[in-house]
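Enquirer: Quick note: to get the working numbering, add 204 to the position in the sequence shown (first position is 1).
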Amino acid sequence: MSQPETEPDRVEGSAAEQARQRIMEAALEVFLRDGYIGAKTDEIAAVAGSSKQTIYKRFGSKDRLFEHIVLDRLEGIDKIFRDAIGELATTDEVQTTLRAVAHRFVHLLTRTAQLRVRRLVIAEAGRFPQLGRAYFEAGPERVHAMLASCFAQLTERGLLQVDEPELAANHFTWLVVSIPVNKVMFCGDDTEFSATELDHYADTGVEVFLAAYQAPGSGRPRQRRK
Numbered sequence: 205m206s207q208p209e210t211e212p213d214r215v216e217g218s219a220a221e222q223a224r225q226r227i228m229e230a231a232l233e234v235f236l237r238d239g240y241i242g243a244k245t246d247e248i249a250a251v252a253g254s255s256k257q258t259i260y261k262r263f264g265s266k267d268r269l270f271e272h273i274v275l276d277r278l279e280g281i282d283k284i285f286r287d288a289i290g291e292l293a294t295t296d297e298v299q300t301t302l303r304a305v306a307h308r309f310v311h312l313l314t315r316t317a318q319l320r321v322r323r324l325v326i327a328e329a330g331r332f333p334q335l336g337r338a339y340f341e342a343g344p345e346r347v348h349a350m351l352a353s354c355f356a357q358l359t360e361r362g363l364l365q366v367d368e369p370e371l372a373a374n375h376f377t378w379l380v381v382s383i384p385v386n387k388v389m390f391c392g393d394d395t396e397f398s399a400t401e402l403d404h405y406a407d408t409g410v411e412v413f414l415a416a417y418q419a420p421g422s423g424r425p426r427q428r429r430k
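1) Take E291 and list the residues in its own chain whose beta-carbon comes closer than 7 Å to its own, dropping the five residues that flank it on each side.
2) Short of 8 Å in beta carbon distance, which residues of its chain neighbour F263, apart from the five on each side in sequence? Order them along the chain.
3) Measuring only the C-alpha atoms, how far is A243 from T314?
4) Using the Cα positions of T395 and V388, report the straight-line distance between them to the nearest angstrom.
5) Tell me, which residues are paired with Q418 by DSSP?
6) From this set, Q334, R286 and R331, which residue's C-alpha is nearest L312's C-alpha?
7) Note the first and the last residue of the continuous alpha helix (DSSP H) segment covering P333.
8) Please determine, among D238, V410 and E279, the residue with the shortest C-alpha to C-alpha distance to R323.
9) If you draw a straight line from the C-alpha of D267 to the C-alpha of F235, how long is it?
10) Please go through the same chain and pick out, in chain order, the residues whose beta-carbon is closer than 7 Å to the beta-carbon of V251, but skip the five residues on each side of it.
11) Which parts of the stretch 296–323 are runs of the alpha helix (DSSP H), unbroken and 4 residues or longer, counting only runs that do not cross its ends?
12) Give me the Cα-Cα distance between L351 and A288, rounded to the nearest whole angstrom.
13) Go to E247, then tell me how far its alpha helix (DSSP H) extends in each direction, as first and last residue.
14) Taking C-alpha atoms, which residue in T258, E411, G421 and A419 lies nearest to H307?
15) Touch check for the stretch 359–378 and the stretch 411–422: three-plus C-beta pairs under 8 Å?
16) Using beta-carbon positions only, say whether L402 and V310 come within less than 7 Å of one another.
17) Taking DSSP as the reference, what is the three-state secondary structure of E265?
18) Please report the Cβ distance between R320 and D393, rounded to the nearest whole angstrom; I am assuming they are in contact, meaning their Cβ atoms lie under 8 Å.
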């Protein structure tokens, strides 16, 4: 039978986790600034207020440290977007619910921390293809699969008219987030958008999406594609 954790054990565990997070945050800063090749373990240690030996003890190598940074950011992505999508599949108010989802998406995906990791993964995808795939599967691919399932159910209920749910899911996310995300990815972290601007991208993206995919008779008239 295991012994209950004592207060000193909890304090020690908390301190160790804080030290680990400091190293990972410092490493992310150095990787983003210098690139994977240019990043030096000594510099990471200096920024973290740690030592090179401690980094190797905790992570094993610079490769493993880089992997830990990416995988750490992947944790919780599924829950974040599952919560954002929420009741989309069962809603009767498609436009209102889509707008709520779109607002959530555009604000989540333009967070500086989110975009910095995305930029880092893309930059090193050739060197770490397995991490690029893991990031894609846990992020864009999973989000589009969840949206596609919702769109298929809404089509069955006669509220949308979607022949290719996964393609429609990609159309939805790109209509909503492509302008701000692309600008920040290319122009850097100093690029800023107000909440009003982000909400405008979300609302107009939903308008265009519904113009293409709303089922006739379920709301405003929908022009059929030729």
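Note that beta-carbon positions come from the ideal geometry of N, C-alpha and C, so glycine has one too.
Expert: Result, derived from the coordinates:
1) T301
2) I227, L269 and H272
3) 25 Å
4) In this structure, the straight-line span from the alpha carbon of T395 to that of V388 is close to 6 Å.
5) Secondary-structure assignment with DSSP links Q418 through a beta bridge to L364.
6) R286
7) That run of the alpha helix (DSSP H) goes P333 to F340.
8) D238
9) 11 Å
10) A230, E233 and V234
11) 298–313
12) Whole-angstrom Cα-Cα distance: 11 Å.
13) In the DSSP assignment, E247 falls within the alpha helix (DSSP H) that extends over T245 to A252.
14) E411
15) yes
16) yes
17) It should be pointed out that residue 265 corresponds to Ser in this sequence rather than to Glu. Reduced to three states, the DSSP call for S265 is coil.
18) 7 Å
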